[in-house]
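Count along the sequence shown starting at 1, add 22, and that's the number in the working numbering. Quick reminder that beta carbons are idealized off the backbone N, C-alpha and C, glycines included.
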Amino acid sequence: MDIDTLGGQELQDKIYARLEIYKGKPFIERFGLFMGKAQLLEFGLKKILASLPGYNLKDEKFETLTLGQTRVELEKLGLRTDYNDVLKSFKAQRNTMAHEFLANYAITQQLLDGAALIHPFERELFHASFALEQLIILFDFINSAGDVTAWLEPKAI
Numbered sequence: 023m024d025i026d027t028l029g030g031q032e033l034q035d036k037i038y039a040r041l042e043i044y045k046g047k048p049f050i051e052r053f054g055l056f057m058g059k060a061q062l063l064e065f066g067l068k069k070i071l072a073s074l075p076g077y078n079l080k081d082e083k084f085e086t087l088t089l090g091q092t093r094v095e096l097e098k099l100g101l102r103t104d105y106n107d108v109l110k111s112f113k114a115q116r117n118t119m120a121h122e123f124l125a126n127y128a129i130t131q132q133l134l135d136g137a138a139l140i141h142p143f144e145r146e147l148f149h150a151s152f153a154l155e156q157l158i159i160l161f162d163f164i165n166s167a168g169d170v171t172a173w174l175e176p177k178a179i
């Protein structure tokens, strides 16, 4: 791996390797794994935000910041556009999985066989998981620079 770049086939290979953990698991377990990892990413992004001037992780507002709000705050400070673009898209996917799936699942679990509801969300979960794993890999890669300014566009520094 080149120390300064990560992309193309190398990134795709890493994403698919990380997706192996989902294979063979029931849908609801994959969903739980996805949501847990999404929460960890959210917390990591809050830590990045807290390391920038004007923010403090001990501030009460950090506990209530959502993934979208954290992204917006980072964007205001000049978050790298490459990461921000993927994060924007992922936030919408995560919201679909977290809100639509759970609401539909809770309602229809009483009326239908759960498998009938799960089928349409299989593809959504795969795409959201793919984006999440990409964000995690890129998070680790950017963070490995050891300098919080690596998270910002050069003009924002």
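Distance, Cα to Cα, residue i vs residue j?
i, j, result
"G76", "I70", "12 angstroms"
"T86", "K47", "32 angstroms"
"T92", "K68", "6 angstroms"
"L101", "E144", "31 angstroms"
"I37", "L96", "24 angstroms"
"K177", "E82", "30 angstroms"
Under DSSP, the alpha helix (DSSP H) around residue i begins and ends at which residues?
i, result
"D104", "T103 to N117"
"I70", "F49 to A72"
Determine, using beta carbons only, whether residue i and residue j come nearer to each other than 8 angstroms.
i, j, result
"G66", "F163", "no"
"Q180", "L33", "This structure leaves residue 180 out entirely; the chain is present only between 23 and 179."
"E64", "L89", "yes"
"A72", "R116", "no"
"A60", "L154", "yes"
Can you pull the DSSP bridge partners for residue i?
i, result
"L174", "L101"
So residue i and residue j are supposed to be a Cβ contact under 8 angstroms. How far apart are they, rounded?
i, j, result
"F53", "M119", "7 angstroms"
"T103", "E175", "6 angstroms"
"V170", "L74", "6 angstroms"
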